[in-house]
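Engineer: Shown below is the structure under consideration.
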Amino acid sequence: MKSHGSRDKLQAAATSSHRRVLLLVFASCFVLATFLTFVYNTSHFASASSSASASGSGAGGAASSGGASSGSALPLPVFDALVHFASISNATHRMSDTDIRAISAVLRARGPCNLLVFGLGAESPLWLALNHGGRTVFLEENEFYVKYLEPRHPGLEAYDVSYTTKVRDFRDLLDASRASRAAECRPIQNLLFSECRLAINDLPNELYDVAWDIILIDGPSGWNPTSPGRMSSIFTTAVLARTGATAAKGPTDVLVHDFQFEVEQVLSKEFLCDENRIAGSGTPSLGHFVIRPDGRRDAFCSGQESTAATTSEEKTGK
Numbered sequence: 001m002k003s004h005g006s007r008d009k010l011q012a013a014a015t016s017s018h019r020r021v022l023l024l025v026f027a028s029c030f031v032l033a034t035f036l037t038f039v040y041n042t043s044h045f046a047s048a049s050s051s052a053s054a055s056g057s058g059a060g061g062a063a064s065s066g067g068a069s070s071g072s073a074l075p076l077p078v079f080d081a082l083v084h085f086a087s088i089s090n091a092t093h094r095m096s097d098t099d100i101r102a103i104s105a106v107l108r109a110r111g112p113c114n115l116l117v118f119g120l121g122a123e124s125p126l127w128l129a130l131n132h133g134g135r136t137v138f139l140e141e142n143e144f145y146v147k148y149l150e151p152r153h154p155g156l157e158a159y160d161v162s163y164t165t166k167v168r169d170f171r172d173l174l175d176a177s178r179a180s181r182a183a184e185c186r187p188i189q190n191l192l193f194s195e196c197r198l199a200i201n202d203l204p205n206e207l208y209d210v211a212w213d214i215i216l217i218d219g220p221s222g223w224n225p226t227s228p229g230r231m232s233s234i235f236t237t238a239v240l241a242r243t244g245a246t247a248a249k250g251p252t253d254v255l256v257h258d259f260q261f262e263v264e265q266v267l268s269k270e271f272l273c274d275e276n277r278i279a280g281s282g283t284p285s286l287g288h289f290v291i292r293p294d295g296r297r298d299a300f301c302s303g304q305e306s307t308a309a310t311t312s313e314e315k316t317g318k
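Yeah, the sequence shown ends on 318 if you go by the UniProt record's numbering, and it's all consecutive.
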């Protein structure tokens, strides 16, 4: 009897082990299938993006100044799977899972669309894939990083940007922009010819004519006093959302990552405005704003007109 019982236990153990192996194989196949789906959609979008760019150039850039391309969006199960696996990734220097999901929710609501991203990072391939059928453009401070990533991601459209600002100077830059809010640093202007110290005026010309639907600010770096900080990217975004094709197409969603830091909070309050912030849509480290052009030419936010008038009176001694 003892020998028979031992044999039963061995058979049960073998059966249990066999089931665990099958479960492991099934899980591995599921992960592999999801990964291949991600690769396929990223590659497929790369081809679509290249074709769209070529046709847009042949048509004199008409497509770039209008809305997003008419490509089909990702199937929702694929979209959700990509977001899920990105949110549980252990990649270094990545966003938190809550930030990834919050940004993805905005992309899901508005995509496919024209998406402008300040900064390249671990999530860049994800934004590219989630905006399948739209146009995604990245602006990066490190030209060598752009050159490194381009051959590895054939569908990547990225441009290097030279920033002249420093985090240590952000208060002086803010004061200067306030003093010239009705002149060089006004809300509605052609950034190509802007003389505001916070304006980015050296991007490829056609990017200023694109009707951007979503702008994600995740760069440049701002970790130390000599870093460029996000003063220029926030100001430039605020002007883009109120000017030209972007303003003409309607509201623009603006997402500011690392929103818990001083520069991001102060500059967002100054140029993106508290009244435009969407409560409950962001996270402690992600600010979500919706900019609706209102035609004001001397103020970004309500109440700034009176502030500007008071400052002018103080300077003239009235």
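Glycine included, C-beta positions come from ideal geometry on N, C-alpha and C. Only a predicted model underlies this, so the values are computations on that prediction, with no experimental measurement involved.
Going by DSSP, what residues sit across from Glu140 in a beta bridge?
Structural biologist: Glu140 pairs with Asp160.
Engineer: Using the C-alpha atoms, what's the distance from Thr226 back to Asp172?
Structural biologist: 14 Å
Engineer: With DSSP as the reference, identify every bridge partner of Thr283, one or two as the case may be.
Structural biologist: The partner list for Thr283 (beta bridge, DSSP) reads Leu286.
Engineer: For Gly280 and Val78, what's the separation of their Cα atoms in angstroms?
Structural biologist: 26 Å
Engineer: At 3 residues or longer, what runs of the beta strand (DSSP E) sit wholly inside the stretch 161 to 206?
Structural biologist: As far as the stretch 161 to 206 is concerned, it has no whole beta strand (DSSP E) run of at least 3 residues.
Engineer: Ends of the beta strand (DSSP E) at Thr226?
Structural biologist: Premise fails: Thr226 is in no beta strand (DSSP E) and is neither H nor E.
Engineer: Please classify Thr164 as buried or exposed, where buried requires at least 16 other C-beta atoms within 10 Å of its C-beta.
Structural biologist: The residue is exposed, with fewer than 16 neighbouring Cβ atoms inside 10 Å.
Engineer: Please name the residue, chosen from Glu275, Lys147, Met231, Phe193, that lies closest to His257 on a Cα-to-Cα basis.
Structural biologist: Of the listed residues, the one whose Cα sits closest to His257 is Met231.
Engineer: Is the beta carbon of Ser96 sitting closer than 7 Å to the one on Val83?
Structural biologist: no
Engineer: Could you tell me the boundaries of the alpha helix (DSSP H) in which Val266 lies?
Structural biologist: 262 to 271
Engineer: At which residues does the alpha helix (DSSP H) containing Asp80 begin and terminate?
Structural biologist: Its alpha helix (DSSP H) spans residues 76 to 87.
Engineer: Just the Cα atoms here: how many angstroms apart are Thr236 and Arg186?
Structural biologist: 11 Å
Engineer: Can you tell me which of the three DSSP states Arg277 falls into?
Structural biologist: Looking at Arg277 - three-state DSSP - the assignment turns out to be strand.
Engineer: Does DSSP put Leu120 in a helix, in a strand, or in coil?
Structural biologist: coil
Engineer: Output needed for Tyr145: all residues of its chain with C-beta closer than 7 Å, excluding positions within five of it in sequence on either side, in chain order.
Structural biologist: Leu120
Engineer: Tell me which residue opens and which closes the beta strand (DSSP E) that Thr252 is part of.
Structural biologist: Thr252 -> beta strand (DSSP E) spans 252 to 257.
Engineer: According to DSSP, simplified to helix, strand and coil, what is Arg296?
Structural biologist: coil
Engineer: Rounded C-beta distance between Val266 and Gly222? I'm assuming under 8 Å.
Structural biologist: The Cβ separation is near 12 Å, so there is no contact.
Engineer: Which residue or residues does DSSP assign as beta-bridge partners of Ile103?
Structural biologist: Ile103 is not bridged to any residue.
Engineer: Identify whether Arg242 lies in helix, strand or coil by the three-state DSSP scheme.
Structural biologist: Note: Arg242 maps to coil in three-state DSSP.
Engineer: Alpha carbon to alpha carbon, how far is Asp160 from Thr136?
Structural biologist: Straight-line Cα distance between these residues: approximately 15 Å.
Engineer: So for Arg110, helix, strand or coil by DSSP?
Structural biologist: helix
Engineer: Using a Cβ-Cβ cut-off of 6 Å (strictly less than) and excluding sequence neighbours within five positions of Gly303, which residues of its own chain qualify?
Structural biologist: none
Engineer: What did DSSP end up calling Arg152 once you bin it into helix, strand or coil?
Structural biologist: helix
Engineer: According to the neighbour-count rule (16 or more other Cβ atoms, all chains shown, within 10 Å of its Cβ), is Ile215 buried or exposed?
Structural biologist: buried
Engineer: Given this structure, state the Cα-to-Cα distance separating Glu270 from Ile200, to the nearest angstrom.
Structural biologist: 17 Å
Engineer: Whole angstroms is fine: what's the gap from Ala238's alpha carbon to Phe85's?
Structural biologist: 32 Å
Engineer: Taking just the CA atoms, how far does Glu275 sit from Leu74?
Structural biologist: 33 Å
Engineer: In the DSSP assignment, what residue or residues form a beta bridge with Arg135?
Structural biologist: Asn114
Engineer: Determine whether the beta carbon atoms of Thr243 and Ile291 lie at a separation below 7 Å.
Structural biologist: no
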